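Undergrad:
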Amino acid sequence: MASMVTTGFVLKLAADLSVIPSIYIMQRNKRHFELFIGLLHVFVAVCFNCAQLTTTNELFLTVVQWHAMLEVLYVSFLYLLCVHLLALPYENVNITLRYLGFALAWIVKVKDGQFRHTHSLLLVAVAFSAVVLRRLVVPGARMLPLHRTEAMVAALLAAFCTAVFFLHPSLPIAPTNIESLFYICLGGFFFAGWKSVPPPELASKKFDDCDIVFSEYN
-10 MASMVTTGFV
0 LKLAADLSVI
10 PSIYIMQRNK
20 RHFELFIGLL
30 HVFVAVCFNC
40 AQLTTTNELF
50 LTVVQWHAML
60 EVLYVSFLYL
70 LCVHLLALPY
80 ENVNITLRYL
90 GFALAWIVKV
100 KDGQFRHTHS
110 LLLVAVAFSA
120 VVLRRLVVPG
130 ARMLPLHRTE
140 AMVAALLAAF
150 CTAVFFLHPS
160 LPIAPTNIES
170 LFYICLGGFF
180 FAGWKSVPPP
190 ELASKKFDDC
200 DIVFSEYN
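Everything in the sequence shown is counted per this note's numbering, starting at -10 for the first residue and increasing by one.
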């Protein structure tokens, strides 16, 4: 038990808390729904890891139930980041997309079940494809520009997380360490992604056709 607390549990706890920097950005951006999802994610993740330490694998809910909730929240987190990167100028549309994304994340994870990610990955792929389409193919005249440095960091971390996700069975590293490294890097990706497009009211200069914007987060 002591060994679990000092090694695997600590690594998992670090992975759980890796989304806190993103939550700070959400709070500064006054994104209340995203803030709710982020805080709920931290709570559920900690409960999941604590439940694994019990003799019954249960902490009010079972480990399987906590894990199912956690996967819904991770998919929701990815989807909400895509809505942020879209930077649509219509707040009612953004609100609709946020709630729709959470509902869809819940539905696709119920469809996938515990050990499959087919529909979840499809939802995330569609969301990120929409970002690429808007940013590179049909950019709007008043679209909020990306902060290039943060966007590049986010892209590199996303590529690393994707590689680890698909190649982890063949990596000569303990599964717990791989999983923790993956989620810590995913937390870094969320943080860089949220910083790459500050909301208009917090930007320090007027948006134009450039692709770099300096905000108070730099």
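Yeah, the Cβ is synthetic: ideal placement off N, Cα and C, and Gly gets one too.
Nothing here was measured: the structure is a model prediction, and the numbers come from that model.
So for L135, helix, strand or coil by DSSP?
TA: DSSP places L135 in coil when its eight states are reduced to three.
Undergrad: What residue range is occupied by the uninterrupted alpha helix (DSSP H) comprising R17?
TA: It spans I9 to R17 - the alpha helix (DSSP H) in which R17 sits, taken as one unbroken run.
Undergrad: Taking the beta carbon of I96 as the centre, do at least 16 other beta carbons fall within 10 Å, making it buried, or is it exposed?
TA: With fewer than 16 other Cβ atoms within 10 Å, it is exposed.
Undergrad: Just to confirm, are Q16 and L24 a CB contact at a threshold of 8 Å?
TA: Yes, these two residues count as a Cβ contact at 8 Å.
Undergrad: For the region 76 to 84 against the region 100 to 114, do three or more pairs of beta-carbon atoms, one drawn from each stretch, fall closer than 8 Å, so that the two count as touching?
TA: Judged by Cβ distances under 8 Å, the region 76 to 84 makes no contact with the region 100 to 114, as fewer than three pairs qualify.
Undergrad: If you count every other CB in all the chains shown that lies within 10 Å of the CB of L125, and 16 or more means buried, which is it?
TA: When all chains shown are included, L125 counts as exposed.
Undergrad: Helix, strand or coil, according to DSSP, for T45 in the structure here?
TA: Looking at T45 - three-state DSSP - the assignment turns out to be coil, as it is neither helix nor strand.
Undergrad: For the alpha helix (DSSP H) that contains Y63, what are its first and last residues?
TA: It spans V52 to L75 - the alpha helix (DSSP H) in which Y63 sits, taken as one unbroken run.
Undergrad: Confirm, please, whether the CB-CB distance from E139 to K184 is below 8 Å.
TA: Contact flag set, yes.
Undergrad: With DSSP collapsed to three states, give me the class of F91.
TA: It is helical.
Undergrad: What distance in whole Å lies between the Cβ atoms of V72 and K98, which are believed to be in contact at a cut-off of 8 Å?
TA: Rounded, the Cβ-Cβ distance is 18 Å, inconsistent with contact.
Undergrad: So, helix, strand or coil for Y79, using DSSP?
TA: Y79 falls in the coil class under three-state DSSP.
Undergrad: For a quick check, are the C-beta atoms of L67 and V120 less than 8 Å apart?
TA: Contact flag unset, no.
Undergrad: In the DSSP assignment, find the unbroken alpha helix (DSSP H) run with F117 in it and report its ends.
TA: Where F117 is concerned, the enclosing alpha helix (DSSP H) stretches over T107 to V121.
Undergrad: To the nearest angstrom, how far is the alpha carbon of N83 from that of I12?
TA: About 18 Å.
Undergrad: Give the DSSP-derived three-state secondary structure of G102 in the structure shown.
TA: The answer is coil: DSSP assigns G102 none of H, G, I, E or B.
Undergrad: Kindly give me the distance between the Cβ atoms of A181 and A143, rounded to whole angstroms, as I take these residues to be in contact under 8 Å.
TA: Between A143 and A181 the Cβ distance is about 4 Å, and since that is below 8 Å, they are a contact.
Undergrad: Could you confirm whether any beta carbon from chain C is found closer than 8 Å to the beta carbon of F171?
TA: Annotation note: the requested chain C is absent from the structure, which comprises a single protein chain.
Undergrad: On a Cα-Cα basis, can you pick out the residue from H30, R123 and G90 that is closest to L112?
TA: Comparing Cα-Cα distances from L112 to each of H30, R123 and G90, the minimum goes to G90.
Undergrad: Please state whether DSSP places R20 in a helix, a strand or coil.
TA: Of the three classes helix, strand and coil, the one that applies to R20 here is coil, per DSSP.
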